[in-house]
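J.: A single structure is presented below for examination.
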Amino acid sequence: MIKVLFVCLGNICRSPMAEAVFNDMLNKSGLRQHIEADSAGTGNWHVGKPPHEGTRALLAEKRISCEGLYARQLMANDLEVFDYIIAMDAENEGNIRRMAGFAEKPAIRRLLDFVDDSKTKDVPDPYYTGNFDEVYELVAEGCRQLLNEIKKEHNL
Ligand code: 4NP
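So, in structure tokens, the structure goes:
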């Protein structure tokens, strides 16, 4: 099983959206038996909470389920368990890399690194901007390209 972890700051806005969108793509492309996704936050303020109402509303509009998603904090063990750790922005990526230290690392990348012509490499934080539509567009394109890359790397 190929394991993918999406990481943001609070695990209530961006990374649960990415998890839900990516899982939806896996379901629709029949790859669920090969690839699984989860999400976590570098911070612990919202542990146990469901996604932010903005993320829930956006996903409902797109008919994508986020049932059963609750925020959790990134743990050192995640760096051993997951094959791909996908950060939403540079700050998340820096925090993940600090946690990984010099240990043999999983692939730690920013989601929009996978989008060649992206205007931004950071998914803006809608907790502050309030713009969940913009986040969805970036997350959906990032997830599409990430999935293409994983399929290529693993001959799926
Ligand atoms: P997220 O957004 O990292 O996309 O889940 C945030 C949610 C909560 C906070 C910051 C960002 N916060 O500071 O509580």
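With this note's numbering applied, the sequence shown corresponds to residues 1165 to 1320, in that order. Even for Gly, the Cβ is constructed at its ideal location relative to N, Cα and C. Computed from a predicted model, the values in this text were never measured in an experiment.
1) With three or more beta-carbon pairs closer than 8 angstroms as the criterion, would you say the segment 1179-1199 touches the segment 1230-1246?
2) Under three-state DSSP, which class holds C1172?
3) Where does K1226 fall in DSSP's three states?
4) Would the beta-carbon of L1169 fall within 8 angstroms of that of I1228?
5) Just the C-alpha distance for K1316 and Q1309, rounded to the nearest angstrom, thanks.
6) With hydrogens ignored, establish whether the beta-carbon of H1318 is closer than 7 angstroms to any heavy atom of the ligand 4NP.
7) Hey, is Y1300 close to the ligand 4NP, as in C-beta under 7 angstroms from one of its heavy atoms?
8) According to the Cβ coordinates, are A1271 and L1243 closer than 8 angstroms?
9) Checking the sheet assignment: what are the DSSP bridge partners for D1202?
T.: Let's see:
1) Contact between the segment 1179-1199 and the segment 1230-1246 is established, with three or more Cβ pairs separated by less than 8 angstroms.
2) The answer is strand: DSSP assigns C1172 an E or B state.
3) Residue state, collapsed to three classes: coil.
4) No, they are not a contact pair.
5) If you take the alpha carbons of K1316 and Q1309, they lie about 11 angstroms apart.
6) Result no, Cβ not under 7 angstroms from the ligand 4NP.
7) Every heavy atom of the ligand 4NP is 7 angstroms or more from the Cβ of Y1300, so no.
8) No, Cβ-Cβ distance for A1271 and L1243 is not below 8 angstroms.
9) Answer is L1169.
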